[in-house]
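Just below is one structure, and these are the notes that go with it.
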Amino acid sequence: MTYEMTGTVKLVKETQTFTSGFTKREFVLTTEDDRFPQEIALACIKDGCAMLDDVQAGERLRVLFSIRGREYQGRHFVNLEAFKIERLDAAAAADEPPPAEDAPPFDDTVMPF
Numbered sequence: 143m144t145y146e147m148t149g150t151v152k153l154v155k156e157t158q159t160f161t162s163g164f165t166k167r168e169f170v171l172t173t174e175d176d177r178f179p180q181e182i183a184l185a186c187i188k189d190g191c192a193m194l195d196d197v198q199a200g201e202r203l204r205v206l207f208s209i210r211g212r213e214y215q216g217r218h219f220v221n222l223e224a225f226k227i228e229r230l231d232a233a234a235a236a237d238e239p240p241p242a243e244d245a246p247p248f249d250d251t252v253m254p255f
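Sequential numbering from 143 applies to the sequence shown in our numbering.
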């Protein structure tokens with residue numbers, strides 16, 4: 143099942159590589175649409191770690207993720223695994239029209255004919 147979250151990046155951690163060759167990179171997103179903003183930890187795994195290479199703290203993102211749960215030695219763990227990240231700041235800037243150039247002042251003494 144796919145879930146979506148929008149928020150501001152608070153922290154991007156370094157990529158962790160485990161002895162099995164498995165890679166994982168965590169980041170923290172602060173939600174904006176709640177009355178009380180939440181700091182949510184998400185992770186990218188394997189090849190998805192590269193999605194966070196250019197992400198900086200303070201950027202607004204839309205993240206698509208899945209919830210993964212498992213039991214280990216009688217304890218239950220839940221991970222939020224991000225599989226798609228979209229920058230919202232870049233999209234907003236692309237939607238803005240380019241700045242208008244200053245036009246020369248209109249000369250009403252010149253007749254068009």
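Ideal Cβ placement from N, Cα and C applies to all residues, glycine included.
Being a predicted model, the structure only gives us computed values, none of them experimental.
Short of 6 Å in beta carbon distance, which residues of its chain neighbour residue i, apart from the five on each side in sequence? Order them along the chain.
i    : result
A192 : none
K166 : Q158, A185 and I187
V205 : M147, A224 and I227
Under a Cβ-count criterion, where at least 16 other Cβ atoms within 10 Å of its own Cβ denotes burial, should residue i be classed as buried or exposed?
i    : result
R210 : exposed
E146 : exposed
F219 : exposed
E168 : buried
G216 : exposed
Report the rounded CA-to-CA distance for residue i versus residue j, giving the unit in angstroms.
i    : j    : result
A185 : F178 : 22 Å
R202 : V170 : 12 Å
M143 : R212 : 16 Å
F207 : D175 : 17 Å
G190 : F160 : 15 Å
R229 : A199 : 12 Å
Give the DSSP bridge partners of residue i, in chain order.
i    : result
G149 : T173 and L203
T159 : T165
Can you name, in chain order, every residue of its own chain whose Cβ lies under 7 Å from the Cβ of residue i, other than the five neighbours on each side?
i    : result
L280 : Given a span of 143 to 255 for the chain in the structure shown, any question on residue 280 remains unanswerable.
So residue i is in the beta strand (DSSP E); what residue range does that whole segment cover?
i    : result
V220 : R217 to R229
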